[in-house]
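S.K.: The structure that follows is given in the form of structure tokens.
Protein chains: 2
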Amino acid sequence: MVRQSRKGTSPTMADVARLAQVSQQTVSRVLNDYAFIKPDTRERVLKAIASLDYRPNMAARTLATSRSRTIGVVASDYLSFGPASALFGVEQAASEEGYGVSIVSLRESNRETIAEALARLVGQSVEGIVMISPQDVSASAAFLSFDNVPVVTLSSVDTGEHTSIMYDSVEGSRAATQHLIELGHKWIAHLAGPAGFTVSESRIHGWRKALGAAHLVAADPFVCDWTAESGYLGGKQVLADPRFTAAYCANDRIAQGLLLALHEAGRVVPRDFSVVGFDDVPEAAYCIPPLTTMRQDFTKLGRRCIEALMVRINGEPPQEADPLLPVLIERSSTSRAPLP
Amino acid sequence: MVRQSRKGTSPTMADVARLAQVSQQTVSRVLNDYAFIKPDTRERVLKAIASLDYRPNMAARTLATSRSRTIGVVASDYLSFGPASALFGVEQAASEEGYGVSIVSLRESNRETIAEALARLVGQSVEGIVMISPQDVSASAAFLSFDNVPVVTLSSVDTGEHTSIMYDSVEGSRAATQHLIELGHKWIAHLAGPAGFTVSESRIHGWRKALGAAHLVAADPFVCDWTAESGYLGGKQVLADPRFTAAYCANDRIAQGLLLALHEAGRVVPRDFSVVGFDDVPEAAYCIPPLTTMRQDFTKLGRRCIEALMVRINGEPPQEADPLLPVLIERSSTSRAPLP
DNA sequence: GGCCAAATTGTTTGCGCAAACAATCCTGTT
DNA sequence: AACAGGATTGTTTGCGCAAACAATTTGGCC
């Protein structure tokens with residue numbers, strides 16, 4: 023290692039240039055893969071870079087090019103599996119594209135907090151934003167125009183103004199319910215997600231659709247809030263109505279809560295009661311009994327977000343992607359309806 | 023809104039200055055809370071800022087001050103609850119300190135990938151780095167000196183070179199085991215974490231410690247890998263030895279897998295067998311039966327990391343924090359040992 | 001041998017901001 | 001009425017880099 027000329031600060035291109043006996047601009051060219059550099063020169067520069075342990079200063083690069091090579095993520099709830107996986111996918115895909123990821127998390131989601139989060143990211147001059155924040159308000163807040171930073175949201179509302187990436191919740195929900203119908207269940211409860219989430223609505227809708235197609239009656243859904251606790255509480259209500267022999271839950275955690283409520287009530291799953299979840303979180307396969315559920319690949323979802331963002335960033339024409347459909351994973355929490 | 027002078031680009035301080043009829047420097051002063059600004063001037067500037075919807079350019083600020091107001095996070099596994107919560111805590115605390123958060127995730131952890139991740143963050147001129155990556159190799163790789171960027175790791179090895187923040191796993195483990203001992207269990211299995219994690223070692227150690235103090239024999243731990251699947255598989259092995267009446271698991275997911283194995287074997291928990299987990303993930307309370315476990319507050323852990331980092335960044339003397347102890351949450355997966 | 005086009009390198013400039021320094025304007029004093 | 005010393009604002013400069021433009025060299029060709 024060669025001692026740096028200035029101490030305390032990292033070496034700059036100028037330092038490299040001096041050592042390699044070229045101009046600063048040539049160093050810049052080597053770093054940016056400019057085509058017309060003599061192999062000999064390039065080598066000298068690279069050696070100087072290595073010897074000084076030079077690392078380019080992103081802030082300066084951003085300032086000079088007005089491209090930050092950074093994308094921002096607004097996440098409201100990456101503590102649960104889905105959003106966390108999506109974040110993972112976003113980071114991976116972004117990093118493969120040579121982008122860094124800045125994250126801002128929301129404690130609560132409303133127009134103000136979202137606007138502030140977006141503003142902070144724009145202030146860091148991110149080139150694009152992914153909103154992993156399934157509340158409806160996120161989608162609407164994304165409309166707030168921020169310079170020309172493209173925004174992609176993870177939600178089922180696709181408004182045209184911004185891109186939205188999501189699994190088809192209506193269809194997934196329909197398929198889940200259909201599975202129970204095919205098993206002979208006539209009264210199928212739905213433990214729904216909370217208000218303010220488009221997916222909640224979509225899942226209710228898909229459930230109703232399947233029920234309607236089979237000429238079965240859809241009771242009011244039991245509104246939960248994605249947590250196991252709410253599923254447990256909702257489960258107690260479901261159990262109060264002896265007609266139900268099955269329930270379709272808006273996610274696996276709700277289903278896990280329901281499973282406990284059933285267990286405590288002495289109802290054996292799936293003999294007495296069938297349960298279907300949604301997401302296929304890692305724990306789903308190890309519930310008692312292992313949970314039948316609709317699998318979604320959230321990591322892929324995150325990658326899709328980056329793809330969509332890159333298209334927008336590079337000004338390419340938007341391309342159609344094949345739709346994302348949850349797939350039924352059949353495990354032991356579902357079986358034929360008990361005889362009346 | 024006043025029309026910007028230049029189109030396509032965001033307004034700069036110069037634009038604001040022109041509109042407010044002051045110098046660019048005065049705008050800078052207003053933005054940086056310089057004390058001696060005439061209220062009248064300040065107001066004009068603020069009005070101009072609002073009217074232009076001006077937002078400072080972080081890249082320029084970073085370049086001028088060589089402070090990025092950003093901290094980097096290296097995360098290897100934020101898909102599970104603990105690391106995700108820690109990330110959440112880090113982001114919150116950082117944001118309260120006025121810092122942004124850049125994240126780099128690791129697909130696999132070895133010296134090279136970690137070194138590269140650190141290099142990328144340093145390249146973004148982060149002012150500090152938090153490694154949410156509990157593998158031993160992370161701690162060792164953090165030694166790679168990167169300019170003078172302080173690194174804080176989430177792990178139990180505290181080497182002095184860098185700060186390390188973690189709950190006391192040995193003591194937590196001892197307490198968990200002790201709980202089972204007090205319930206009269208004599209043969210207590212341990213479903214351990216995988217090799218390469220200091221916490222795995224610590225938890226084995228704490229378990230042995232409690233057993234030793236009670237003059238009980240510690241069989242070989244059953245090595246798992248933090249997943250429910252491994253707990254399920256490990257559980258089958260535990261069940262092969264009829265002497266065991268209880269098991270202490272290195273985390274809740276392992277415990278959940280064990281619970282399923284017990285259920286399938288017809289062993290009723292806690293009547294026939296007691297189980298203790300670690301972490302108190304949200305699902306723990308809704309396992310069948312609800313899981314006794316050692317609670318850790320990962321969000322707090324994340325906040326601690328930022329505190330430690332701020333101390334280092336601001337060059338303050340390191341201060342002692344009270345130790346973090348997991349607390350026993352007693353639920354229904356533990357009871358007195360069955361009579362022989 | 002001279003000429004054109006491509007290859008290769010250098011010089012100047014500005015990105016948007018804050019630090020350093022300089023100038024002016026106050027206020028109450030002696 | 002002149003002055004010390006703070007209050008308030010302005011001017012110049014440089015952070016590290018890449019874009020734009022300029023200069024020089026090289027190689028091929030008639």
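Just so you know, the sequences run in chain order U and C.
Mapped onto the working numbering, the consecutive letters of the first sequence carry residue numbers 23 to 362.
Mapped onto the working numbering, the consecutive letters of the second sequence carry residue numbers 23 to 362.
Ideal Cβ positions, reconstructed from N, Cα and C, are used throughout, including at glycine.
Looking only at its chain, what residues have a beta carbon closer than 7 Å to the beta carbon of W209(C), apart from the 5 residues adjacent to it on each side?
M.R.: Start at 1 with the first residue of the second sequence, and residue 209(C) comes out as number 187. Taken in chain order, the residues that qualify are R265, F266 and T267.
S.K.: Between the alpha carbons of V152(C) and A106(U), how many angstroms are there, rounded?
M.R.: Position 130 of the second sequence, counting from 1, holds the residue named residue 152(C). Position 84 of the first sequence, counting from 1, holds the residue named residue 106(U). The straight-line gap from Cα to Cα measures roughly 18 Å.
S.K.: I'd like the list of long-range same chain contacts for R77(U), defined as Cβ closer than 6 Å, with 5 residues on each side in sequence excluded.
M.R.: Position 55 of the first sequence, counting from 1, holds the residue named residue 77(U). The same chain holds no residue with a CB closer than 6 Å to that of R77(U) once the five nearest residues on each side in sequence are set aside.
S.K.: Compare the C-alpha of G299(C) against each of A214(C), N54(C) and S117(C) and name the closest.
M.R.: Position 277 of the second sequence, counted from the start, is the residue given in the question as residue 299(C). That would be A214(C), whose Cα lies nearest to the Cα of G299(C).
S.K.: Just checking: is the beta-carbon of G145(C) within a distance shorter than 9 Å of some beta-carbon in chain U?
M.R.: The residue given as residue 145(C) occupies position 123 in the second sequence. For G145(C), the answer is yes, since a Cβ of chain U falls inside 9 Å of its Cβ.
S.K.: Using a Cβ-Cβ cutoff of less than 8 Å, which residues in the same chain neighbour V349(U) once the five nearest sequence positions on both sides are dropped?
M.R.: Counted from its first residue, the first sequence places residue 349(U) at position 327. Same-chain partners within the cutoff: M316 and R317.
S.K.: May I have a chain-ordered list of the alpha helix (DSSP H) segments no shorter than 4 residues that lie completely inside the region 209-245 of chain U?
M.R.: 220-235
S.K.: Please name the residues in the region 260-283 of chain C whose beta-carbon is closer than 8 Å to at least one beta-carbon of chain U, in chain order.
M.R.: Using a CB distance below 8 Å, the part of the region 260-283 of chain C facing chain U consists of R275, Q278, G279, L281 and L282, ordered along the chain.
S.K.: Taking the alpha-carbon positions, what's the V144(C) to T135(C) distance?
M.R.: Here the question's residue 144(C) lines up with position 122 in the second sequence. Here the question's residue 135(C) lines up with position 113 in the second sequence. As the crow flies, the alpha-carbon of V144(C) is around 14 Å from that of T135(C).
S.K.: For the alpha helix (DSSP H) holding L280(U), just list the boundary residues, first then last.
M.R.: Taking the first sequence and counting its residues from 1, the one referred to as residue 280(U) is at position 258. Unbroken alpha helix (DSSP H) run through L280(U): D274 to E286.
S.K.: Nearest by alpha-carbon distance to V174(U): which of C327(U), D247(U) and L53(U) is it?
M.R.: By one-based count along the first sequence, residue 174(U) stands at place 152. Taking only the C-alpha atoms, the option nearest V174(U) is C327(U).
S.K.: For M188(C), does the three-state DSSP call read helix, strand or coil?
M.R.: Here residue 188(C) is taken as the residue at index 166 of the second sequence, counted from 1. Coil.
S.K.: Quick one: Cα of T34(C) to Cα of N79(C), how far?
M.R.: Working through the second sequence from its first residue, we reach residue 34(C) at position 12. Working through the second sequence from its first residue, we reach residue 79(C) at position 57. Whole-angstrom Cα-Cα distance: 8 Å.
S.K.: In its own chain, which residues sit with a C-beta less than 8 Å from the C-beta of L41(U), not counting the 5 before and 5 after it?
M.R.: Reading the first sequence from its first residue, position 19 is the one you call residue 41(U). Cβ within range, chain order: V24, A70, S73 and L74.
S.K.: Any C-beta of chain C within less than 7 Å: which residues of the region 75-92 of chain U qualify?
M.R.: R77, P78, N79, M80, A81, A82, T84, L85 and S90
S.K.: With a 10 Å radius around its C-beta and 16 neighbouring C-beta atoms as the bar for buried, classify L202(C) as buried or exposed.
M.R.: Taking the first residue of the second sequence as 1, we reach residue 202(C) at position 180. With 16 or more Cβ atoms within 10 Å of its Cβ, L202(C) is classed as buried.
S.K.: Would you mind working out which of V95(C), V67(C) and Q157(C) sits nearest A36(C), comparing C-alpha positions?
M.R.: Taking the second sequence and counting its residues from 1, the one referred to as residue 36(C) is at position 14. Minimum Cα distance to A36(C) is reached at V67(C).
S.K.: Going by DSSP, which residues form a beta bridge with R317(C)?
M.R.: Mapped onto the second sequence, residue 317(C) falls at position 295. Answer is D301(C) and V349(C), bridged to R317(C).
S.K.: What separation, rounded to the nearest whole angstrom, lies between the Cα atoms of P156(C) and V123(C)?
M.R.: Translated into positions along the second sequence, residue 156(C) becomes position 134. Translated into positions along the second sequence, residue 123(C) becomes position 101. Rounded to whole angstroms, P156(C) to V123(C) spans 19 Å at the Cα level.
S.K.: Alpha carbon to alpha carbon, how far is T31(U) from L53(U)?
M.R.: Here residue 31(U) refers to the residue found at position 9 when the first sequence is read from its first residue. Here residue 53(U) refers to the residue found at position 31 when the first sequence is read from its first residue. Whole-angstrom Cα-Cα distance: 20 Å.
S.K.: Label Y56(U) either buried or exposed according to how many other C-beta atoms from any shown protein chain fall within 10 Å of its C-beta, with 16 as the threshold for buried.
M.R.: Residue mapping note: residue 56(U) aligns to position 34 of the first sequence, counting from 1. Y56(U) is exposed by the Cβ-count criterion.
S.K.: Measure from the C-beta of E251(U) to each C-beta in chain C and report whether the shortest distance is under 9 Å.
M.R.: For the purposes of this step, residue 251(U) is taken as the residue at position 229 of the first sequence. Cβ-Cβ to chain C under 9 Å: yes for E251(U).
S.K.: Which residue or residues does DSSP assign as beta-bridge partners of A269(U)?
M.R.: As a first step, residue 269(U) must be located in the first sequence, where it is residue number 247. Note: A269(U) sits in a beta bridge opposite A211(U) and V297(U).
S.K.: Candidates G234(U), A240(U) and A272(U): which alpha carbon is nearest W248(U)'s?
M.R.: On the first sequence, residue 248(U) is found 226 positions in, with the first residue counted as 1. For the residues G234(U), A240(U) and A272(U), the minimum Cα distance to W248(U) belongs to A272(U).
S.K.: Using a beta-carbon distance below 9 Å, is L212(U) in contact with chain C?
M.R.: On the first sequence, residue 212(U) is found 190 positions in, with the first residue counted as 1. Reading the sequence as shown, one finds His at residue 212(U) and not Leu. For H212(U), the answer is no, since every Cβ of chain C falls outside 9 Å of its Cβ.
S.K.: Do you know offhand how far Q114(U)'s Cα is from A330(U)'s?
M.R.: Here residue 114(U) refers to the residue found at position 92 of the first sequence. Here residue 330(U) refers to the residue found at position 308 of the first sequence. Answer to the nearest angstrom: the Cα atoms are 14 Å apart.
S.K.: Mind checking the region 227-240 of chain U against chain C and listing, in chain order, the residues whose C-beta falls within less than 7 Å of any C-beta there?
M.R.: For chain C, none of the residues of the region 227-240 of chain U brings a beta carbon within less than 7 Å of one of its beta carbons.
S.K.: Below 6 Å CB to CB, which residues in the same chain sit around H212(C) once its five sequence neighbours on both sides are set aside?
M.R.: Taking the second sequence and counting its residues from 1, one reaches residue 212(C) at position 190. Once the five neighbours on either side are set aside, the close Cβ partners of H212(C) are W229, P243 and Y270.
S.K.: Between the region 114-141 of chain U and chain C, which residues of the former have a C-beta closer than 9 Å to a C-beta of the latter?
M.R.: Q114, S117, G122, V123, S124, I125, V126, S127, R129 and A141
S.K.: Under DSSP, the alpha helix (DSSP H) around T135(C) begins and ends at which residues?
M.R.: Walking along the second sequence from the start, residue 135(C) turns up at place 113. Element bounds for T135(C): R133 to G145.
S.K.: Taking the beta carbon of P345(C) as the centre, do at least 16 other beta carbons fall within 10 Å, making it buried, or is it exposed?
M.R.: Position 323 of the second sequence, counted from the first residue, corresponds to residue 345(C). By the neighbour-count rule (16 or more Cβ atoms within 10 Å), P345(C) is not buried but exposed.
S.K.: Could you check what DSSP says for G150(U) in three-state terms: helix, strand or coil?
M.R.: The residue you call residue 150(U) lines up with position 128 of the first sequence. If DSSP states are grouped into helix, strand and coil, G150(U) belongs with the strands.
S.K.: Can you find a CB in chain U that lies within less than 9 Å of the CB of D37(C)?
M.R.: Counting from 1 along the second sequence, the entry for residue 37(C) is found at position 15. Not closer than 9 Å to any Cβ of chain U, the Cβ of D37(C) fails to qualify, so no.
S.K.: Can you tell me whether M188(U) is buried or exposed, with buried defined as 16 or more other CB within 10 angstroms of its CB?
M.R.: For the purposes of this step, residue 188(U) is taken as the residue at position 166 of the first sequence. Result: buried.
S.K.: Go through its chain and collect everything with a Cβ distance to G194(U)'s Cβ below 6 Å, but skip five positions before and after it.
M.R.: As a working mapping, residue 194(U) is identified with position 172 in the first sequence. Closer than 6 Å at the Cβ level, and outside the excluded window around G194(U), lie M316 and P348.
S.K.: Cβ atoms of L281(C) and G257(C): under 9 Å apart, would you say?
M.R.: Stepping through the second sequence from its first residue, residue 257(C) is reached at position 235. Stepping through the second sequence from its first residue, residue 281(C) is reached at position 259. Cβ atoms of G257(C) and L281(C): closer than 9 Å.
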